[in-house]
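Here the structure comes first, spelled out in structure tokens, and everything after it is commentary.
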Amino acid sequence: MQAAGTPQRRPALCRVGQAQGATPAGRMLVFRMSDSSFLETREHQLRKLRLVMTDGNLTTNALSSERGVSARAWRKGYWGFASAPLVQADGAATRSRVQQQALAHATTMSRFGPRRQAPPAGARWRGEQGSAGPIRLAAREVGERLRAIDAWCRRRFTGLVAVNLLATEESHDKQLQSDQGVAARLGIERAALAIEFIGQADDGAPIQVREVLSARGGLGDLAWQPSLLEPLLDTLHGHLQAKRHAVPARGGEHTVVLAPDLAGMLAHEAMGHPCEADCVLAGAVTATRVGQPVASELVTMADLAHHWNGQELMVPVYADDEGTPAEDVVMIDRGRLAGFMHSRETAALMGQAPTGNARAYGPHDEPLVRMRNTVILPGDSTLEQMIEGVDDGYLLLRTSNGEADTTTEFMFGVSLGYEIRGGRVGRAIRDTTLSGNAMAVLASVDAVGSEMHWDCAGYCGKKQPMIVSVGGPALRARAHLGGE
Amino acid sequence: MVAGGDTPAAPALQDRAGRALERLRRRGFDQALACAVQGRHTEVSCNHNQASLLRSTETARLQLVALHDGRRASIDAVDGDLEALDAAVRALHESVLAAPQDEAHSLAAGQHLRHRRGPLGPPAGELAAGLADAMAQLLDWRAANAPKVMIEEGVATHTERRLHLLSSGGSDIACDSAWFGLSVYGCARDERGTSSADAAGGHGDRLELPTVHQAFGIADTLQALERQIVTAPLGGRFVGDVVLAPQAVGDLLDWLLEQLADEALIDGSSLYRQRVGELVASPQLTLRSRFEASPGVLPLSADFHVAAPLTLLDRGRLQALTPSLYGSRKTGLPHRPLAAGGWALDAGEAPLADLLAGVPRGAWVSRLSMGAPAANGDFSAVVKNSFRIDDGRLGPALADTMVSGNMARMLTDIVALSRERRDTGDTLLPWLRISGLHFS
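Line by line, the protein sequences give chains A and B.
No gaps in the numbering here: position 481 of the first sequence is 676 in our numbering, and each next residue is one more.
No gaps in the numbering here: position 237 of the second sequence is 243 in our numbering, and each next residue is one more.
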């Protein structure tokens, strides 16, 4: 028996290439589907843990577990989808029932009349994907670590109004089957810790700074032992002190150095969404720009499936929730718009190959075109060189949230930034918003950093939430800041 | 008209909640609560101006909350067989034991509610056909009246939720509610370019078929998109006025509600902690709950207290803070249960046209695309789906334009409220004219 606080590792799923059974993992079976119909079934278990400590008080201590089975049918151009909770005792009956419902739903849609649409097609994945399993900490250990971080901050830093902490863990285990040959087991796990300091500005108004750590796996895979966090907490407190005297950003277009944390957000919001094929079909301005320059030649941007530079990524997707083998999608290749992310349906509509981007968030959700690990690839500049090259501008270090548009106009909140004057970092600025037309901003990039930062803490929202990761190096560009 | 039938509440839910509460009692918790929830959701959706999908989902959840020796935890699991229930209770017990002690924890007690609202129990076949008719109507209307608009995603839905909650403190709550929903998201495009994307939608007790496009501002939103294809920057930096459309007014309201709730009250970041009874907004502003009247909203707080009607702002004066039971016990403030939504701002006296006519220089703002406001209320936002205003007249659609200001200041700088209001089910909000925003 393991003692409380000992990391627990659940039984490993097979790694790719080590699948059990007659079919080797990773083998792609290519089918041409019938023009009339097909049916796919997904069993999906979703587990979440969420602990919130507000000013030393554990205000949320919640575990949730969801298990369901869904079926999706395609008939003559229309989709039917049905789902239900999966209870062990009547699993087979439930599975059969939702399959029948999905087929009936697709048939019902024929009331809209004949629909000319190429049947979704593409390669099919058979096998199992997954890591060795998340390292989960016992609930007591999670609580103790949160209390230790809170106590350390209170001892170390005077003048803090509050310390807010959030620890989360989420895991998905999916099994896909289709009458066209898909038989896959897929797993995604991620953990995150958010640390927020509330302080008081010189004028008495509340101010805050926030740091987020994230990792693939469980909370035991995240390096958040209190002793390891001390340098990070010292740095965060330094930023809070700087924000006490923060000045408003000057509104308008400026030269900005985006720290690596922000470049991933830029990739996701600014050009990621407009390169999702469903957005392209809806009228995104990217539709007519393939092959054309949309960014500086220094910029290459991709949505990666599962590996980069020999390392497995934070949200590794070997096959998507349609069973399509996942492939890297290069959206911008040295400044030129190169390609889009596809489901099987959008690929058929646009006459291109599916890329493995069809993902469903929960047991009751249908697959949509979603990003996976979206990244701007690194260059060869250092952050110091980029700052030294700015006479009058801003260094932007942390972001809060972001939003995209079909026009490629984007915005994201900037929760931590500094002025740059004469090549040196100056005063902190108050929270602001960065915006611009993505193609214009990316075209203005004149330096790309060499050091990458990855993050998988957030959700992307698009009808359903979705776990994604973003990555990138520091960038120097021209963009619009909100301010007086 | 698409409307519901009527079926009696599922008695099984009470049995399931009772069985779970009994298991929790046997486990020896000091206080416990069990809530069995059953849901059914049906939707017809369109993508790219074409009907695409009919989707139905069923859910059965069991929410368990327990308190022991001042330690609290909760679990939300599939409502399955006895074995699954016992596993959930074991996991909950482990979480409770691992939690720190906190005297402020307590569970809802003595709460009684029987709530029944909305189009419950329509036969599945009729429901699917009705939703399909609504979607067909919407698509036909778009083709005839907003031909340049591409609806990237449109959804017509019916949602039904039934719950029964029992607690060791004698709470007994049963809610059966259902509602229809309709929403669209898209942009307009022609040879000159593409507009920004915008969305509209809401919940109601029915979908009125001949005029389904008029619900929730959908028709106005889609037709406005066609006028937003060609845009121009506002140019220059100045201080001016905005006319905020209800969607953007909702952002202001959300910020205010967060300021009055647990996290900001407990961590000390609320700007309003000491300001009950004071004027914190324009005297024209009265904000009332309509928990009972809002489709899709239960008059029940997240910690399972019955949410009584509440006037939060009375002619600009703050009437209450809204801590949960825990927040109340932690801060010493009076407990004010709130539902998850359901708010209305009283209408103003000015016609919408007068709000516009009164603006010398500024913008008509349909949507704010913004970073999360700072703790002190400072924000900056890109104005989306918006138009320039000069000398009281609407100008071209805007691009690359930002406004910045402070949320608390905006509440006090409201110049006028419109007589017209938009009802999305969740909220009933007018247009607001606000002065003193920084444009760049």
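C-beta: ideal position from N, C-alpha, C; glycine also.
Same chain only: Cβ atoms within 6 Å of residue i, ignoring 5 sequence neighbours per side
i, result
"A/VAL247", "THR254, THR255, LEU361"
"A/MET223", "For A/MET223, the predicted model reports a pLDDT of 35, less than 50, meaning its position is unreliable; a value from the coordinates is still stated below. Same-chain partners within the cutoff: ALA318, PRO520."
"A/PRO166", "Lying outside 196 to 679, the shown extent of chain A, residue 166 of chain A is not represented and no answer is given."
"A/PRO511", "HIS501"
"B/THR227", "ASP204, ALA206"
"A/GLY557", "LEU241"
"A/GLY631", "ALA674, HIS675"
"B/LEU316", "SER295"
Residue i CB to nearest heavy atom of the ligand ZN below 6 Å
i, result
"B/LEU263", "As for the ligand ZN, it is missing from this structure, which has no ligand bound."
Any chain A beta carbon closer than 7 Å to residue i
i, result
"B/HIS111", "no"
"B/SER375", "yes"
"B/LEU262", "no"
"B/PRO305", "no"
"B/PRO343", "no"
"B/ALA205", "no"
"B/GLY241", "no"
"B/HIS4", "Since the displayed chain B opens at 7 and closes at 446, residue 4 of chain B lies outside it and no answer follows."
Contact with chain B by residue i, beta-carbon distance below 7 Å
i, result
"A/MET304", "yes"
"A/ARG237", "no"
"A/ALA477", "yes"
"A/VAL512", "no"
"A/THR234", "Note that residue 234 of chain A is Leu in the sequence shown, not Thr. No, A/LEU234 does not count as interfacial toward chain B."
"A/ASN552", "no"
"A/ALA669", "no"
"A/SER422", "no"
Close Cβ partners of residue i (< 8 Å) along its chain, the five nearest in sequence each way excluded
i, result
"B/PHE445", "LEU240, GLY242, ARG243, PHE244, VAL245, GLY246, GLY368, ALA369, THR407, MET408, VAL409"
"B/TRP437", "VAL249, LEU250, ALA251, PRO252, VAL255, LEU358, LEU361, LEU423, SER424, GLU426"
"A/ARG227", "Here the model assigns A/ARG227 a pLDDT of 38, short of 50, so the residue's position is not dependable and the matter cannot be decided."
"B/GLN143", "LEU215, PRO216, VAL218, HIS219"
Inter-residue CB distance, residue i and residue j (contact presumed, cutoff 8 Å)
i, j, result
"B/GLY160", "B/MET141", "7 Å"
"B/PRO305", "B/ALA345", "5 Å"
"A/ALA277", "A/SER265", "7 Å"
"B/GLN37", "B/LEU73", "4 Å"
"B/ARG281", "B/LEU324", "6 Å"
"A/LEU414", "A/VAL337", "6 Å"
Residue range of the unbroken alpha helix (DSSP H) whose run includes residue i
i, result
"A/GLY394", "Counting along the chain, A/GLY394 falls outside any alpha helix (DSSP H), though it belongs to the beta strand (DSSP E) covering 378 to 395."
"B/LYS336", "331 to 337"
"B/LYS390", "No alpha helix (DSSP H) holds B/LYS390; the beta strand (DSSP E) holding it covers 384 to 390."
"B/MET447", "There is simply no residue 447 of chain B to check, as chain B begins at 7 and stops at 446 in what is shown."
"A/ILE344", "334 to 351"
"A/PRO562", "Counting along the chain, A/PRO562 falls outside any alpha helix (DSSP H), and DSSP gives it neither H nor E."
Beta-carbon proximity list for residue i, same chain, < 7 Å, skipping 5 on both sides
i, result
"A/ALA482", "VAL475"
"B/ASP85", "ARG22, ALA42, ALA66, ARG67, LEU68"
"A/GLY621", "TYR613, GLU614, ILE615"
"B/ALA205", "SER189, VAL190, TYR191"
"A/ARG245", "THR255, ALA257, THR363"
"B/ARG33", "VAL95, HIS99"
The beta strand (DSSP E) enclosing residue i, as first and last residue numbers
i, result
"B/VAL248", "244 to 250"
"A/GLU448", "447 to 453"
"B/TRP437", "433 to 445"
"B/ILE81", "77 to 84"
"B/LEU73", "56 to 74"
"A/ALA257", "252 to 270"
Relative to chain A, which residues along the region 319 to 339 of chain B have a C-beta separation below 8 Å, given in chain order? TYR332, LYS336
Looking at chain A, which residues of the region 380 to 399 of chain B have a Cβ within less than 9 Å of any of its Cβ atoms? ALA380, ALA381, ASN382, GLY383, ASP384, PHE385, SER386, ALA387, VAL388, LYS390
Determine which residues of the region 402 to 416 of chain B have a Cβ less than 8 Å from any Cβ of chain A, and write them out in chain order. ALA405, ASP406, MET408, VAL409, SER410
Of the residues that make up the region 346 to 374 of chain A, which ones have a beta carbon closer than 8 Å to any beta carbon in chain B? VAL356, ALA357, ASN359
Please name the residues in the region 167 to 200 of chain B whose beta-carbon is closer than 9 Å to at least one beta-carbon of chain A, in chain order. TYR191, GLY192, CYS193, ALA194, ARG195, GLY199, THR200
Name, going along the chain, the residues of the region 129 to 145 of chain B whose beta-carbon falls closer than 7 Å to a beta-carbon of chain A. ALA134, ALA138, ALA142
Name the residues in the region 383 to 413 of chain A whose C-beta lies less than 8 Å from a C-beta of chain B; which are they? ILE393, ALA396, ALA400, PRO401, ILE402, GLN403
Going along the chain, which residues of the region 57 to 83 of chain B sit with their C-beta nearer than 7 Å to a C-beta in chain A? ALA57, SER58, LEU59, LEU60, ARG61, SER62, THR63, GLU64, THR65, ALA66, ARG78, ALA79, SER80, ILE81, ASP82, ALA83
Residues of the region 317 to 337 of chain A in Cβ contact with chain B at a cutoff of 9 Å, in chain order, please. ALA333, ALA334, ARG335, GLU336, VAL337
Counting only Cβ-Cβ distances shorter than 7 Å, please list the residues of the region 91 to 106 of chain B near chain A, keeping chain order. ALA97, GLU100, SER101, ALA104, ALA105, PRO106
Where the region 455 to 467 of chain A meets chain B: residues whose CB sits under 7 Å from a CB there: none
Which residues, in chain order, does the region 269 to 293 of chain A contribute to contact with chain B at a C-beta distance below 8 Å? TYR273, TRP274, GLY275, PHE276, ALA277, SER278, ALA279, PRO280, LEU281, VAL282, GLN283, ALA284
Would you list, in chain order, the members of the region 269 to 281 of chain B that have their beta-carbon closer than 7 Å to a beta-carbon of chain A? GLU269, ILE272, ASP273, GLY274, SER275
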